[in-house]
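Heads up: the sequence shown begins at 1464 in the numbering used here, then just goes up one per residue.
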Amino acid sequence: SQYSFTNVSWIRDNGHDEETIRFNADGSFSYFCACGNPVNDADLCESYTYNDETKEIKFECFETTEEMVTNIKIVEMSEDVLELDFNGEIRKFEKEK
């Protein structure tokens, strides 16, 4: 993939658990906490698309829930940091070392 955020595991400490999000170059992704449970019902989504113009990631889900965020925006992206906007909630992830 031409995008630096793909094929990398991104880690975030949310204060009481660690979350890992991963966007694969083939369009698949995963988002789960250290306990193994999906975050934001991510297991209901099969893939994602990315619009480089708008910096928006859209999840393709076979089912949605009320709490689910299906469109997120990249706020900041560097080699070591990926900051995402989940409907107004900014989540900062760091590249897994």
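C-beta: ideal position from N, C-alpha, C; glycine also.
Query, Result
"Contacting residues, own chain, Cβ-Cβ under 8 Å from threonine 1512 (five flanking each side not counted)", "Gly1490, Ile1520, Lys1521 and Glu1523"
"Where the beta strand (DSSP E) through phenylalanine 1486 begins and ends", "1481-1486"
"For aspartate 1515 and glutamate 1559, the rounded distance between their alpha carbons", "23 Å"
"Strand pairing of aspartate 1548, partner residues [DSSP]", "Lys1536 and Ile1553"
"Residue range of the unbroken beta strand (DSSP E) whose run includes asparagine 1477", "No beta strand (DSSP E) holds asparagine 1477; DSSP gives it neither H nor E."
"Interface flag, asparagine 1514 vs chain C, CB-CB below 9 Å", "The chain labelled as chain C is not found in the depicted structure, where only one protein chain is given."
"Spatial distance of isoleucine 1535 from phenylalanine 1468 (CA atoms)", "14 Å"
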